[in-house]
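Below is one structure, written out as structure tokens; comments come after it.
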Amino acid sequence: MIQKCPELLEIERNLISIDEILRPILEQDDFISSFGGTFINIFRNHIVVNTVNYSKVDDLLALPQITSNEKFLYFNKANNSMSQIKFNFEQINVRADLIKPKQVFIYIDMLLNNNVLYFERSDINNTEFITAAKPFNPTIFYTEKFTTRKI
């Protein structure tokens with residue numbers, strides 16, 4: 001089925017409103033270590049919920065504000081919980097503040113369920129920072145080479 005722009009916009013508005021209900025719940029202590037955040041897939045008309053601990057899915061679905069939206073949720077196996085991603089992000093930023101790497105963006109990518117170091121140039125030596133960030137398992141992208149590598 002081919003969807004037109006107005007239909008996709010309506011799907012997106014609906015999923016955003018559901019995600020606005022879901023996200024604060026997933027940030028609560030009961031769930032933050034079991035789920036790794038969310039992202040919206042308008043083409044499949046669902047919210048992908050990165051899931052580390054599937055035993056908590058039933059607890060989430062039992063909540064009254066979630067029950068009516070269950071059909072819009074897709075639980076995807078994930079390696080990193082939101083609490084782990086946030087911790088790693090903070091640690092990477094501490095190292096960035098100390099080392100001052102050049103031309104790098106540091107961000108959380110929910111699709112990858114990980115922190116990302118996005119280097120604008122591969123010819124700048126950021127080895128010290130990459131080595132310092134390595135224990136926190138970021139995904140690295142380089143603009144110039146369009147390559148991805150895991151450290």
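Residue numbering for the sequence shown follows UniProt numbering, starting at 1 and increasing by one per position. Beta carbons are placed, not taken as given, at the ideal position from N, Cα and C, and that holds for glycine.
query: Closest Cα partner of Lys134 within the set Lys56, Lys4, Leu117, Thr143; result: Leu117
query: Three-pair Cβ contact test at 8 Å for the stretch 65 to 73 versus the stretch 15 to 22; result: yes
query: Start-end ranges of the alpha helix (DSSP H) lying completely within the stretch 2 to 46, minimum 4 residues; result: 5 to 26
query: Cβ neighbour criterion (16 or more within 10 Å) applied to Pro6; result: exposed
query: Through-space distance from Asp30 to Phe136, alpha-carbon basis; result: 24 Å
query: Under 9 Å between C-beta atoms of Gln103 and Ile130; result: no
query: Residue closest to Asn76, alpha-carbon to alpha-carbon, out of Asn126, Ile16, Arg13, Met110; result: Met110
query: Selection from Leu61, Phe39, Glu10 that minimises the alpha carbon distance to Asn113; result: Phe39
query: Cα-Cα separation, Leu61 to Gln28; result: 15 Å
query: Presumed contact (8 Å Cβ cut-off) between Phe72 and Ile18, rounded CB distance; result: 5 Å
query: Beta-carbon contacts of Lys56 that lie in its chain and below 8 Å, excluding the five residues immediately before and after; result: Asp30, Phe31, Ser34, Phe35
query: DSSP beta-bridge partners of Thr51; result: Phe35, Lys77
query: Lys86 versus Leu98, Pro101, Ile106, residue with shortest Cα-Cα distance; result: Ile106
query: Limits of the alpha helix (DSSP H) - the one that Leu60 falls within; result: 57 to 61
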